[in-house]
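Report on the following structure.
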Amino acid sequence: MVCSCCGEWAIEPVVLDGVPRLRLSCRGYLVGYYTAPETIAAELRRQGGPDLADFRGVQASAR
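Using the numbering used here, the letters of the sequence shown map in sequence onto residues 4 to 66.
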């Protein structure tokens, strides 16, 4: 999913060591891997990024 406000933030589902995670990136750079949307929301607030509601279901690689 890519943010609809600027298109620079992306959340993508990945599997690391058999564990499903969410990868958060900004401008193509890794911010971190998270297991819950609440932790991504907290990180976005810390980084001054968009709200989770600003993300739409478009793969970042499809841009």
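For each residue, glycine too, the CB sits at the ideal point set by N, CA and C.
Span separating the alpha-carbon of residue i from that of residue j
| i | j | result |
| --- | --- | --- |
| D57 | R49 | 16 Å |
| R30 | G52 | 12 Å |
| R59 | E46 | 18 Å |
| L55 | A44 | 6 Å |
| D20 | C6 | 27 Å |
| Y37 | M4 | 14 Å |
| Y32 | V22 | 21 Å |
Member of the options whose CA lies at the smallest distance from the CA of residue i
| i | options | result |
| --- | --- | --- |
| T42 | C29, G31, R24 and Y32 | R24 |
| A39 | V17, Y32 and R59 | V17 |
| V11 | L55, G21 and S28 | Position check: residue 11 holds Glu in this sequence, whereas Val was assumed. Comparing Cα-Cα distances from E11 to each of L55, G21 and S28, the minimum goes to S28. |
Extent of the continuous alpha helix (DSSP H) to which residue i belongs
| i | result |
| --- | --- |
| R48 | P40 to Q50 |
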